[in-house]
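For reference, the structure is listed below as structure tokens.
Protein chains: 4
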Amino acid sequence: MTTSSKSKMHQSKTRRERVEDREEAIIDAARDIFNEKSFFKATMAEIARAAGVADGTVYIYFKNKEDLARAVLAQFYTGLTQSAQTGVDKRTGPKAQIKFLARHHMRRVRENWRLLEMLPLIDMTMDTYEGSDLYKLNRDYVVVFDRVAKVAAEQGLTNPDTPLWMLRDIFFGAMDYGVRTMLLIRQNEMINSFVDNLVSLIFSSVIAHQPTGPDNVLKRLESIADRLENKLE
Amino acid sequence: MTTSSKSKMHQSKTRRERVEDREEAIIDAARDIFNEKSFFKATMAEIARAAGVADGTVYIYFKNKEDLARAVLAQFYTGLTQSAQTGVDKRTGPKAQIKFLARHHMRRVRENWRLLEMLPLIDMTMDTYEGSDLYKLNRDYVVVFDRVAKVAAEQGLTNPDTPLWMLRDIFFGAMDYGVRTMLLIRQNEMINSFVDNLVSLIFSSVIAHQPTGPDNVLKRLESIADRLENKLE
Amino acid sequence: MTTSSKSKMHQSKTRRERVEDREEAIIDAARDIFNEKSFFKATMAEIARAAGVADGTVYIYFKNKEDLARAVLAQFYTGLTQSAQTGVDKRTGPKAQIKFLARHHMRRVRENWRLLEMLPLIDMTMDTYEGSDLYKLNRDYVVVFDRVAKVAAEQGLTNPDTPLWMLRDIFFGAMDYGVRTMLLIRQNEMINSFVDNLVSLIFSSVIAHQPTGPDNVLKRLESIADRLENKLE
Amino acid sequence: MTTSSKSKMHQSKTRRERVEDREEAIIDAARDIFNEKSFFKATMAEIARAAGVADGTVYIYFKNKEDLARAVLAQFYTGLTQSAQTGVDKRTGPKAQIKFLARHHMRRVRENWRLLEMLPLIDMTMDTYEGSDLYKLNRDYVVVFDRVAKVAAEQGLTNPDTPLWMLRDIFFGAMDYGVRTMLLIRQNEMINSFVDNLVSLIFSSVIAHQPTGPDNVLKRLESIADRLENKLE
DNA sequence: TATGAATGAGTTTTCATTCAT
DNA sequence: GATGAATGAAAACTCATTCAT
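Chains as they are written, first to last, in this note's numbering: chain A, 1 to 233; chain B, 234 to 466; chain C, 467 to 699; chain D, 700 to 932.
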């Protein structure tokens, strides 16, 4: 590569573009390696090799291994949010949208679960997770769900007693766990059935939600019984 | 522990007992360190120091670091299953039992979440997770839930369309995820509220078909009164 | 084990005998392990296990690993010398005796070559090899050859210009080397042919001056016939 | 090594040259340490220190300790073969050439005997010694002898009954053994005398090699006596 | 910017040896 | 004498990170 070629205006890539290409190549390579071997078993040399750059070059773009991992997760979440939102926009009605989100999430998690395991390893270390870039990106992602769930709630499709954040934890938690057991011991293609059940559960709670007088009393009595029982331990 | 069981009065412990104590001391120390620092950041030297033994001693009891981690998880699951079952036995009715299991699970996971993160690191490596000791212990634990959930299903308290294993994944998944978000950004003491919502979600799908009758609540209250009386004697 | 049983006169072994048995058992086990794995790859625990004693017991009989190795080699050389001398005594004429020694040596070395590799590892460390016990035992062994070779020289069967010690080095050196190449790349059963050639080389230099007379051969055959007759009685 | 080969005058070495220097420095250091302390007693840290590099640097050039030892032996054998062949080429006549080879070998072995002891430790481990690089290098070396010995045989200077490989084993075996006893208990400078005797032995065997009728009968009778005698044991 | 050789702290693991029982 | 659990010094090897070119 001669220096003269760099000065021409009609060259295909600007210096900035080339730099961005490199950065992306490194992130892509890191994502694959991290996802294949987990954060601790992956080595920087391996990642550099996969990216087609020298060991030292990685440190020009990323301060250290953890920083690189953060960038990988950031890229992952950004893409995830984007495709999630795009899919939601294409659909009508909260139920269809949530179903899409569920399927979309499970597929992506299934392909990248080892990547996602890095999150607590990396970010929880920092006392200041809230406020961190990664936290914000994760927030952006779940907001896609939140918006749809809010509409569902407004339409009376979900149980008004369950706060949104809890619904969200149940939604994502069930899927993350489900993906793992599917990977381990179940056929891979139960995602659709899993999603149907999960979504119908979330929506079904409201079907009969018409508390009457005696029901309320019973509920309160049950709650009292629970509390007494737990104290008995 | 009675002293009478020892053959010689002038020595507090037999050699065998001391060996067992040591093994337990090492497991205990390892559990604490693993839970504090995660598998990869914990060092064997650190664990040995915490257990009050020399570095080499750990290797008398455990073949290597992974083997030690396996023992830690085995001990954890065994205790978890035991206390779960004990708590279930003390309660009447699937709903109360499931509520107990949920609270119990969340409390334990909250204190040991980094420990539980070791599981995929260790056991997924083996191609034969099914059939591994750890798999069996985990199985034993979820079976406690399965039994209760089965009764609930038989009583028509849950949605008959949702298979048991899916209910299980939703149950445990929601909690594991919930614990994390609580640790990160929410007040620690939302567990009760979270559990109430999760359980009501699981049961709610049929709430209208077979409402909890006054009989059940009365029975539970009577049972609680009995136990309180016994305790106060 | 009660003390009373030790005081009885009719017991099969005296205390001293039992101690000697143990010592021998340890040496035997050590010999096998050393020969199988070499000095550095063999572990004391392994040897103790093979000998059927506890780790610490080995150190009652031998100061340390090197000391044990020395004892093993001493036992080996003692036996080697003994069987060499016995075989020589049974034969008549230097040539037959040397041939026997050669075959005997090669067979033993072939079975124990890794054992013999310990010698330089152990004894050369000491600046005072001459004067060491092992040196003396090795000396005793080669003396068996020396005596026969001296007779051969006196009978003019060997080249009078070659000093005895050189003949000895050639003799043993050729065999030790030959055994190795046989172990590595040649059929195991070339020993006889190798010996014939080596011995004929040593003797051949004078083959023309004093050809083996018919008398000698006749004498040997007569001696053999005698012994066969004795054996058949 | 000429300076003209470098592209820039102001730098003494190119990066590539420095890398090669380092590799050689490590091999040289390793050779010295291995030769002084033997494979197992030498430590990688010690070798690194002697080579003037950090511990980790050694592992850039050699996969592990065994690999380093292999490189040391390879370098040793390559040099040995080269100087042997050069010396042979300078001389005329098989006898003079063999004498040179003998002296050359003994001098080199005397300075490096502990190095050569590594060979069985390293290469015998591999089931496939034949075909290994080290085997080939060793082969190349003995071939220098083989070629000369073949000429000697063709000129009728050696006993035609002794196969070449046996002559080779006797030649090298006698010397390796001789070096050891010289190191241990004899004056160092007996090499020349040893070589003269060994070579004359190898060549003398043929002096009188003209088997006549009665001689053959005697030989056969002797062989029979041998066999009978060995059976008598 | 890019390179990749060099670094060296840090880790796991082994094993000869000791010593309380 | 016998035991075997405990010790802890070593040693091999790894890898994130740096820096001269």
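Idealized CB from N, CA, C, for every residue including glycine.
Could you tell me how far apart the beta carbons of residue i and residue j are, in whole angstroms, since I believe they sit closer than 8 Å?
i             : j             : result
residue 773/D : residue 833/D : 7 Å
residue 68/A  : residue 62/A  : 4 Å
residue 266/B : residue 250/B : With 8 Å as the limit, residue 266/B and residue 250/B do not qualify as a contact, their Cβ atoms being about 24 Å apart.
residue 797/D : residue 636/C : Actually they do not touch by this definition, with Cβ atoms about 15 Å apart.
residue 639/C : residue 877/D : 6 Å
residue 197/A : residue 394/B : 7 Å
residue 317/B : residue 260/B : That pair is no contact at about 20 Å.
residue 804/D : residue 874/D : 6 Å
residue 86/A  : residue 137/A : 17 Å between Cβ atoms; not a contact.
Among the options, which has the Cα closest to the Cα of residue i?
i             : options                    : result
residue 351/B : 264/B, 252/B, 257/B        : 264/B
residue 734/D : 897/D, 813/D, 841/D, 797/D : 813/D
residue 856/D : 883/D, 839/D, 902/D        : 902/D
residue 41/A  : 21/A, 101/A, 65/A          : 65/A
residue 53/A  : 70/A, 28/A, 22/A           : 22/A
residue 191/A : 151/A, 107/A, 116/A, 161/A : 107/A
residue 139/A : 82/A, 96/A, 160/A, 159/A   : 82/A
residue 24/A  : 163/A, 195/A, 48/A, 185/A  : 48/A
residue 779/D : 850/D, 800/D, 852/D        : 800/D
residue 199/A : 426/B, 454/B, 400/B        : 400/B
residue 95/A  : 57/A, 110/A, 109/A, 148/A  : 148/A
residue 88/A  : 164/A, 145/A, 182/A, 193/A : 145/A
residue 667/C : 862/D, 841/D, 840/D        : 862/D
residue 647/C : 620/C, 576/C, 619/C        : 576/C
residue 598/C : 750/D, 754/D, 883/D        : 883/D
residue 659/C : 864/D, 893/D, 719/D        : 864/D
residue 20/A  : 44/A, 60/A, 43/A           : 60/A
residue 504/C : 608/C, 578/C, 617/C        : 578/C
Ends of the alpha helix (DSSP H) at residue i?
i             : result
residue 175/A : 164-185
residue 316/B : 298-322
residue 755/D : 754-760
residue 747/D : 743-750
residue 207/B : With chain B covering 234 to 466 only, the question about residue 207/B has no answer from this structure.
residue 95/A  : 94-116
residue 274/B : Neither: residue 274/B is in no alpha helix (DSSP H) and is coded neither H nor E.
residue 138/A : 133-154
Select from the region 380-407 of chain B all residues with a C-beta closer than 9 Å to any C-beta belonging to chain A, and list them in chain order. Residues of the region 380-407 of chain B with a Cβ closer than 9 Å to any Cβ of chain A, in chain order: 392, 394, 395, 396, 398, 399, 400, 401, 402, 403, 404, 405, 406, 407.
Note down, in chain order, all residues in the region 85-96 of chain A with a beta-carbon under 7 Å from any beta-carbon belonging to chain B. Residues passing the 7 Å Cβ filter: none.
With 8 Å as the C-beta to C-beta threshold (strictly closer), list the residues of the region 753-785 of chain D near chain C in chain order. Answer in chain order: no residues at all.
Check distances from the C-beta atoms of the region 710-732 of chain D to those of chain C and list, in chain order, the residues that come in under 8 Å. Contacts with chain C (Cβ-Cβ distance below 8 Å) from the region 710-732 of chain D involve no residue at all.
If the cut-off is 7 Å on Cβ atoms, which residues from the region 889-900 of chain D count as contacting chain C, listed in chain order? Within the region 889-900 of chain D, contact with chain C at the beta-carbon level (separation under 7 Å) is assigned to 893, 896, 897, 900.
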